[in-house]
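Asks: Numbering (the working numbering), first residue to last: 65 to 299.
Don't be surprised by glycine CBs; every beta carbon is placed ideally from N, CA and C.
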Amino acid sequence: MSKTALVTGASKGIGLETVRRLAASDLDITTIVLMARASDAYDENFATLEAEVPAGVTLVRETVDVGDREALIAAIERVYAQVGNIDFLINNAGYTNPVPIHQVDFADFERTIAVNVYGPFTLVQELLHRGNRFEVIVNIASTAGIGGRSGWLTYSASKAAVINMSEVMRDELKIFGTRVVCLSPGRTATDLRKVLAPDEDPSTIMQPQHVAQVIETMLGPTGQYVDQQNVIVRQ
Ligand SMILES: NC(=O)c1ccc[n+]([C@@H]2O[C@H](COP(=O)([O-])OP(=O)(O)OC[C@H]3O[C@@H](n4cnc5c(N)ncnc54)[C@H](OP(=O)(O)O)[C@@H]3O)[C@@H](O)[C@H]2O)c1
65 MSKTALVTGA SKGIGLETVR RLAASDLDIT TIVLMARASD AYDENFATLE AEVPAGVTLV
125 RETVDVGDRE ALIAAIERVY AQVGNIDFLI NNAGYTNPVP IHQVDFADFE RTIAVNVYGP
185 FTLVQELLHR GNRFEVIVNI ASTAGIGGRS GWLTYSASKA AVINMSEVMR DELKIFGTRV
245 VCLSPGRTAT DLRKVLAPDE DPSTIMQPQH VAQVIETMLG PTGQYVDQQN VIVRQ
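1) Are residue 117 and residue 97 close, meaning C-beta to C-beta below 8 angstroms?
2) Suppose contacts are defined by Cβ-Cβ distances below 8 angstroms. Is residue 164 in contact with residue 259 by that definition?
3) Tell me where the beta strand (DSSP E) around residue 333 begins and ends.
4) What residues in its chain sit with their C-beta under 7 angstroms from that of residue 186, if we drop five residues either side in the sequence?
5) Within 7 angstroms: the Cβ of residue 186 and any heavy atom of ligand 1?
6) Can at least three beta-carbon pairs, one atom from the stretch 102-119 and one from the stretch 153-162, be found at a separation below 8 angstroms?
7) Is residue 118 near ligand 1, in the sense that its beta carbon is under 7 angstroms from a heavy atom of that ligand?
8) Express the C-alpha separation of residue 66 and residue 178 in angstroms, rounding to a whole number.
9) For the structure I just gave you, are there three or more beta carbon pairs, one from the stretch 263-281 and one from the stretch 73-84, closer than 8 angstroms?
10) Please report the distance separating the alpha-carbon of residue 225 from that of residue 206.
11) Please confirm whether any heavy atom of ligand 1 lies closer than 7 angstroms to the CB of residue 289.
12) Where do the ends of the beta strand (DSSP E) carrying residue 82 lie?
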């Protein structure tokens, strides 16, 4: 039976590579919704992907700020009306603005929580309210959610929340046959990593394709045999 996937933060980095892998996978995915904010990068990468995905796979555009709850709910409504049930939800969009405690702007802390925590929660709850039956939900946390580091207060706090929120989702949603996977990548060569570690040489660390490959595995039959207590992916 053909399946539908929704990937947030699909305009670049781990999300983009995840869409690429899912389109080419043998998971019977025929529709993939790419959620991110409108940007030139989104348009360019969407066009590139459209040209390369196998025949029979449809890519669906959905540009929205996942940190804007009202806009996100409207987007969920649109997407659900257009594609129907979401079998695989990849909550991958993420935001960080690392600064020392003294410089944390409260509005920015709220924004971090809105994008990284309320966004995934809203997607899951709003889809459940519409009768959606998820097969697998993947929440992308971070090793920063397990151990804090100087300057990463808002990001670490948000990712710790993702790890624990995922445990509750896993426990509550198993009666619906839903698997909830929490993945915590370590250092991965993306734009977000450049914000966290501007001086690092990206060629020396994990690439987004590697994380995407693990996500694909977790969605498939092998995934159910992996311990799903916050799976750490790092070099
Ligand atoms: N790279 C690492 O070292 C690392 C390590 C651990 C965990 N992670 C996590 O991996 C996930 C993916 O990040 P990445 O490393 O692949 O970084 P990235 O290349 O910078 O991608 C981040 C994605 O999130 C989207 N996004 C950010 N804010 C958004 C918003 N308000 N609304 C909608 N989409 C938004 C971005 O899209 P637009 O900006 O175009 O909207 C982009 O598609 C994040 O959750 C991140 O925290 C990354």
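Replies: On the basis of the data shown:
1) Numbered from its first residue, the sequence shown carries residue 117 at position 53. Numbered from its first residue, the sequence shown carries residue 97 at position 33. No, these two residues do not count as a Cβ contact at 8 angstroms.
2) For this step, residue 164 is matched to residue 100 along the sequence shown. For this step, residue 259 is matched to residue 195 along the sequence shown. Against a cut-off of 8 angstroms, the Cβ pair of residue 259 and residue 164 comes out as no contact.
3) Residue numbering for the chain in the displayed model covers 65 to 299; residue 333 lies beyond these limits and cannot be assessed.
4) Residue 186 sits at position 122 when you count from the first residue of the sequence shown. So the list reads 133, 136 and 137, once near-sequence residues are dropped.
5) As a working mapping, residue 186 is identified with position 122 in the sequence shown. No, the beta carbon of residue 186 sits no closer than 7 angstroms to any heavy atom of ligand 1.
6) no
7) Within the sequence shown, residue 118 is the residue found at index 54, counting from 1. No, ligand 1 has no heavy atom inside 7 angstroms of this Cβ.
8) Counting from one through the sequence shown, the residue named residue 178 turns up at place 114. Counting from one through the sequence shown, the residue named residue 66 turns up at place 2. Computed Cα separation, rounded: 32 angstroms.
9) yes
10) Translated into positions along the sequence shown, residue 225 becomes position 161. Translated into positions along the sequence shown, residue 206 becomes position 142. Each residue's Cα considered, the two are about 10 angstroms apart.
11) For the purposes of this step, residue 289 is taken as residue 225 along the sequence shown, with counting starting at 1. No, the Cβ of residue 289 stays beyond 7 angstroms of every heavy atom of ligand 1.
12) In the sequence shown, counting from the first residue as 1, residue 82 sits at position 18. Taken as a continuous stretch (DSSP letters only), residue 82 belongs to no beta strand (DSSP E), being part of the alpha helix (DSSP H) at 77-88.
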